[in-house]
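K.L.:
These protein sequence lines are chains U and W, in that order.
So the first sequence is numbered by the numbering used here: it starts at 1 and just counts up by one.
So the second sequence is numbered by the numbering used here: it starts at 1001 and just counts up by one.
Where a beta carbon is used, it is the ideal one built from N, C-alpha and C, also for glycine.
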Amino acid sequence: MEVVILGAGIVGAACAFHAASAGLDVTVLDRGPVGAGTTSRGEGNILLSDKEPGPELELARLSRDLWDEAADELGPETFEFEAKGGLVVAGAPEGLAALHAFAARQAAADVRTELVDRVGEFEPHIAPGLPGGVHYPQDAQVQPVLAAAALLRAAVRRGARVRTGEAVAAVTGTGGRITGVRTADGVVLPADAVVNAAGTWGGEVGRRLGAPVEILPRRGFVLVTEPLPPMIRHKVYSADYVANVASSDEGLETSCVVEGTRAGIILIGASRERVGFDTAMNPAVVALLAAQACRLFPFLRDVHLIRAYRGFRPYCPDHLPVVGPDPRVPGVLHACGHEGAGIGLAPGTGALITAQMLGRPWRGADPAAHTGLLPERFLTTGGVPK
Amino acid sequence: MAEPRDLGGRAASREPRCLGARRDEPHDLVVVGAGPAGMAAAATALDGGLRVFLVDSGPAPGGQFWRHPPDHAREGVPTEALPAEDLHHDLRTYRALRATLTAHERTGRLTLLLDHHVWTTAREADGFTVHAVDRSRAPEERAVVLRARALLVATGAYDRQLPFPGWDLPGVLTAGGLQALLKGGGVVAGRRVVLGGTGPFLLPVAAALAGRGAAVVAVCEAAAPSAWLRHPAPLLRNPAKWAEAAGYAVTLARHRIPVRTRTAIISAEGEGAEGERAEGEGRVAVVRTASLAADGTPLPGTERRIEADTVGVGWGFVPQLDLLLPLGCGLADAGDGTTAAAVDAGQRTTVPGLYAAGETCGVGGAALAMSEGRVAAVSVLTDLSAPGLPGTRRLAAERRTVARHRAFARALAQAHPLPPAWPAWLTDDTTVCRCEEVTAGAVRSVRADGSAAGHRQVKQLTRAGMGWCQGRMCGPAVHCLVAAREVPYTPAERLIATPVTLGALADSGEPTADHT
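1) How would you list, in chain order, the residues of chain A whose beta-carbon sits under 8 Å from the beta-carbon of U/Y309?
2) Using a Cβ cut-off of 8 Å, which residues of the stretch 329 to 348 of chain U contact any Cβ in chain W, in chain order?
3) What did DSSP end up calling U/H389 once you bin it into helix, strand or coil?
4) With 8 Å as the threshold, decide whether the Cβ of U/A290 is near any Cβ in chain W.
5) Applying a beta-carbon distance threshold of less than 8 Å, which residues of chain W neighbour U/E226?
6) Nearest to W/F1317 by alpha carbon, out of W/E1359, W/R1135, W/G1296?
7) I think U/R218 touches U/Y309, with their Cβ atoms under 8 Å apart; what is that distance to the nearest whole Å?
8) Mind checking which residues open and close the alpha helix (DSSP H) that includes W/P1200?
9) When DSSP labels each residue in this structure, what does U/K84 get in the three-state scheme?
10) Should W/T1120 be flagged as near chain U, meaning a C-beta pair shorter than 8 Å?
11) Do you know offhand how far W/E1141's Cα is from W/V1375's?
12) Below 6 Å CB to CB, which residues in the same chain sit around U/A368 once its five sequence neighbours on both sides are set aside?
13) Whose Cβ in chain W lies nearer than 7 Å to the Cβ of U/M281?
14) With 8 Å as the limit, tell me which residues of the stretch 102 to 120 of chain U have their beta carbon closer than that to any beta carbon of chain W; keep them in chain order.
15) I need the straight-line Cα distance from W/V1144 to W/G1199, nearest angstrom please.
16) Does DSSP classify W/W1228 as helix, strand or coil?
17) In whole angstroms, give me the CA-to-CA distance for W/A1290 and W/A1208.
18) My output table needs one value for U/G276: the three-state DSSP class, helix, strand or coil.
19) For W/L1505, would you say it is in contact with chain U, using Cβ-to-Cβ distances shorter than 8 Å as the test?
20) Looking at the strands, I want to know which residues DSSP matches up with W/E1269.
21) With distances taken Cα to Cα, identify the nearest neighbour of U/L47 among U/D25, U/G9, U/L87.
22) In its own chain, which residues sit with a C-beta less than 7 Å from the C-beta of U/A169, not counting the 5 before and 5 after it?
23) Please check the pair U/P321 and U/L358, which I expect to be a contact at CB under 8 Å, by giving their CB distance rounded to whole angstroms.
24) CA-CA distance, W/L1521 and W/C1329?
25) Is there a Cβ from chain W that is less than 8 Å from the Cβ of U/D278?
26) Assuming the contact rule is C-beta atoms closer than 8 Å, W/L1474 and W/A1464 should be a hit. Round their C-beta distance to whole Å, please.
27) Give me the Cβ distance between U/A70 and U/P347, rounded to the nearest whole Å; I'm assuming they're in contact under 8 Å.
28) Anything in chain W within Cβ reach of U/D302, meaning under 7 Å, just list it in chain order.
29) How close, in whole Å, do the beta carbons of W/T1501 and W/W1119 come, if the pair is a contact with beta carbons under 8 Å?
30) With a CB to CB cut of under 8 Å and the five nearest residues on each side skipped, what residues in its chain are close to W/V1077?
31) Looking at the strands, I want to know which residues DSSP matches up with W/E1359.
32) How about U/G220 and U/A270: are their beta carbons less than 8 Å apart?
33) What does U/I232 reach in chain W if we use C-beta pairs closer than 8 Å?
34) For U/C336, which three-state DSSP category applies?
35) Any beta carbon from chain U within less than 8 Å of W/Q1320's own beta carbon?
36) Does W/H1131 come within less than 8 Å of chain U when only Cβ atoms are used?
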């Protein structure tokens, strides 16, 4: 079976890794280098802690196990895999009650949670006086570009090819079934299946394939400090992050996630703005993130910010990724719209896409079980987007 | 050595009393960078009736060209070390500009903000905001937001560095760094100095060091002297440059400083490291030079070993574009392996209301920078419909000056290219990125496996350029190691132009100063 994967970001790389491992004939097509889009603009979060029970959490749990497998297989050092755990803290007692209730629902969905009374014992430099929090030992971290590059290299070792180019249209045969992809330079890559793993540009790629899905950009800034000796042990964030991730508000939202990395720098994320693909710097966002980070960790006041970057998370209107075959164009599968969770969800997505192409379970991904993320949910009868 | 008493001008009070209030008021124009371009631009804009913020990170105006100790620090500097005529050219112009600026400071039209580091700028509906931190009371750092209808970026350029084995030893500096030490505090950085690199900038540095007692034992110029003969016209049209070069030649001859052309410093070794290069070896003690083939490959059998305690290396300069890139400013190939701000004949960038002058538009020297500054200011006056436009004849003359100097700068760049084969000097364990300790071998290996298409990708895969300097030092070198030769270096976009404390930022976003 010939598979063309559109996109060499973390999701495309994970799809290629699993599909090639399953013996499929894989070609990855991207207009740019590996992981040059949203993959290189995030923090490398692998989070269970911020997810409500539901289809996304199911995929996240599978994905978390597959990250462990990938680390075993490729070496955790290859992509700076670190199972550091997350610590979600409440700013006020009423917030703590809500956080505990949220954690209880997650625990019922098989997420490991530990209630923490004295957050200072977990994070010695955290602001005093916080009422408590929840520890999520499964939360982890990777360096996303290294991870995408490592997964893609492994796929290539299993026979996959990587090409530079841009997909412009689907080539279809009888019954509208896809038979190939036409690139901007006129080449037709034959394909029995085409995977739309174009991330934030997945909406446009879907349109070109005749299978539009609504994927919109949500801008985020991440701040990077000067390198320091280890000061922060976990991914630490305030409980309102969860509310923001799920929010559909148009305006700016910030709720900072603070964490140290292996390189000694501290990453501070993450704002959310719906401003289209506007790349402009927003100093107010930077100031707000800085203020929130300093409230969580007062020592940060004297630490220098040396870099900031921004990217565009791909989100679907219901804030769930779209993973699976498109009913309108047989042979097209979508694997995009992961919003801020693409790194964490990538291996699960790759396994699920592979399972869907194989028509049988693959590495714990069962097409019959993971149905909540299928593209059908956007389509009215007749295949028109809702 | 007659020290011009008022090099720093009469405006010795560093912060006028009403400064805080004035900073909050919107002005017509913000000029970032108070070097020759920025000073000339500000003076012209002020004379034309505009209200101007002139912002600089240094403690005194003048930029690198007229770098000098700040007024308040003079007492600590020995008299003989104070800036002198042989270090600073055209001090008359500096004093005239300074006098103009001081006069406008008194009238309240100019708000001069020294020790202010701009960390970002943003476009607004009615102009620009310029976000700076005030470090005049360091270590205290206070965030400041300036507002104006127009923005002129004159942030200059910085030394282009090419690594070589041993370049990270103590005592190995940039040629620009050596000169900055001389100008800024009268510091002669060493006793036995070897200079290397390419371009005429090496000559004034050699002359100034020799004039202050250092033994400059060699100046290694990678280019061939005959390179100039291929482009004689721009040189002939710029007689002042001839005279300047002749002056250095006389000084170098007087001090018997050998200038070796087609020669480069290819390695350096530290004290006590002869044959046993170890971690943490001491200051540089020995450099090795070699004659170069036409492509820059060291010729076998031409190596020389020279004892030296200080090495200055200069491979030209890189335009400082950090504030321009995030604004979406278009770029142009500067012809010397770098990119610069793309500007029209009026120094307008591709972004409405945004102007650039001086080395940000391509390296070309102070005279060019001043002309460009004045041309840019005239465009600002025109675009803002200000009353005080200078005559069209003066503007035409200024534009001719710009064209003449630009042609000269292009000829200079062609006569002093980077030797294409310079990476041949590197061993796989030569550090390329000093902040993150990334070696040439690591960069070469990501290039070899095809995953790195440019220096941005190398950064993601190796961390080269991710450290404190954010690739300002290693970026051009990493670019040369991975990119095609004809592609000029374009720096990575840096949303944060200078490191700034999170506390200062936090306070700027919270006017109520709620730190709880």
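P.N.:
Straight from the coordinates:
1) This model lacks chain A altogether; the protein chains it does include are U and W.
2) none
3) Residue 389 of chain U cannot be examined here, being either before or after the span of chain U that is shown, 1 to 386.
4) Position 290 of the first sequence, counted from the start, is the residue given in the question as residue 290 of chain U. With 8 Å as the cut-off, U/A290 counts as an interface residue toward chain W.
5) Counted from its first residue, the first sequence places residue 226 of chain U at position 226. The contacting residues are W1468, P1499.
6) For the purposes of this step, residue 1317 of chain W is taken as the residue at position 317 of the second sequence. Residue W/E1359 is the option with its Cα nearest to W/F1317.
7) As a first step, residue 218 of chain U must be located in the first sequence, where it is residue number 218. As a first step, residue 309 of chain U must be located in the first sequence, where it is residue number 309. Going by Cβ atoms, the distance from U/R218 to U/Y309 rounds to 15 Å, so no, they are not a contact pair.
8) Numbered from its first residue, the second sequence carries residue 1200 of chain W at position 200. Where W/P1200 is concerned, there is no enclosing alpha helix (DSSP H), given that its DSSP letter is neither H nor E.
9) Here the question's residue 84 of chain U lines up with position 84 in the first sequence. U/K84 falls in the coil class under three-state DSSP.
10) The residue given as residue 1120 of chain W occupies position 120 in the second sequence. W/T1120 counts as touching chain U.
11) As a working mapping, residue 1141 of chain W is identified with position 141 in the second sequence. As a working mapping, residue 1375 of chain W is identified with position 375 in the second sequence. Going from the Cα of W/E1141 to the Cα of W/V1375 covers about 34 Å.
12) Working through the first sequence from its first residue, we reach residue 368 of chain U at position 368. Nothing listed; no residue qualifies.
13) Residue mapping note: residue 281 of chain U aligns to position 281 of the first sequence, counting from 1. Neighbours of U/M281 on chain W, chain order: T1120, A1122, P1326, L1495.
14) none
15) As a working mapping, residue 1144 of chain W is identified with position 144 in the second sequence. As a working mapping, residue 1199 of chain W is identified with position 199 in the second sequence. Approximately 39 Å between the Cα atoms of the pair.
16) For the purposes of this step, residue 1228 of chain W is identified with residue 228 of the second sequence, where counting begins at 1. W/W1228 falls in the helix class under three-state DSSP.
17) Locating residue 1290 of chain W in the second sequence gives position 290, counting from the first residue. Locating residue 1208 of chain W in the second sequence gives position 208, counting from the first residue. One C-alpha to the other measures close to 25 Å.
18) Start at 1 with the first residue of the first sequence, and residue 276 of chain U comes out as number 276. Residue state, collapsed to three classes: coil.
19) Within the second sequence, residue 1505 of chain W is the residue found at index 505, counting from 1. Yes, W/L1505 lies at the interface with chain U (some Cβ there is under 8 Å from its Cβ).
20) By one-based count along the second sequence, residue 1269 of chain W stands at place 269. DSSP lists W/V1286 as partners of W/E1269.
21) Counting from one through the first sequence, the residue named residue 47 of chain U turns up at place 47. It is U/L87.
22) Taking the first sequence and counting its residues from 1, the one referred to as residue 169 of chain U is at position 169. Around U/A169: R182, R208.
23) Walking along the first sequence from the start, residue 321 of chain U turns up at place 321. Walking along the first sequence from the start, residue 358 of chain U turns up at place 358. With 8 Å as the limit, U/P321 and U/L358 do not qualify as a contact, their Cβ atoms being about 20 Å apart.
24) Since the first residue shown for chain W is 1001 and the last is 1516, residue 1521 of chain W is missing from the structure and cannot be characterised.
25) For this step, residue 278 of chain U is matched to residue 278 along the first sequence. No - not a single Cβ of chain W is within 8 Å of the one on U/D278.
26) Here residue 1474 of chain W refers to the residue found at position 474 of the second sequence. Here residue 1464 of chain W refers to the residue found at position 464 of the second sequence. Residue identity differs from the one stated: residue 1474 of chain W is Cys in this sequence, not Leu. About 6 Å separates the two Cβ atoms, so the contact holds.
27) Here the question's residue 70 of chain U lines up with position 70 in the first sequence. Here the question's residue 347 of chain U lines up with position 347 in the first sequence. With a Cβ gap of about 6 Å, U/A70 and U/P347 count as contacting.
28) Translated into the one-based positions of the first sequence, residue 302 of chain U becomes position 302. Chain W residues near U/D302: T1501, G1503.
29) Here residue 1501 of chain W is taken as the residue at index 501 of the second sequence, counted from 1. Here residue 1119 of chain W is taken as the residue at index 119 of the second sequence, counted from 1. 10 Å between Cβ atoms; not a contact.
30) Within the second sequence, residue 1077 of chain W is the residue found at index 77, counting from 1. For W/V1077, the predicted model reports a pLDDT of 47, less than 50, meaning its position is unreliable; a value from the coordinates is still stated below. Around W/V1077: P1069, G1185, G1186.
31) Here residue 1359 of chain W refers to the residue found at position 359 when the second sequence is read from its first residue. In DSSP, W/E1359 forms no bridge with anything.
32) Translated into the one-based positions of the first sequence, residue 220 of chain U becomes position 220. Translated into the one-based positions of the first sequence, residue 270 of chain U becomes position 270. Going by C-beta atoms, U/G220 is nearer than 8 Å to U/A270.
33) Here the question's residue 232 of chain U lines up with position 232 in the first sequence. Per Cβ cutoff of 8 Å: no residues; U/I232 is ~13 Å from chain W at best.
34) Taking the first residue of the first sequence as 1, we reach residue 336 of chain U at position 336. Three-state DSSP puts U/C336 in a strand.
35) Translated into positions along the second sequence, residue 1320 of chain W becomes position 320. It does not; no Cβ of chain U falls within 8 Å.
36) To locate residue 1131 of chain W, count along the second sequence from 1; it is residue 131. Interface residue, yes.
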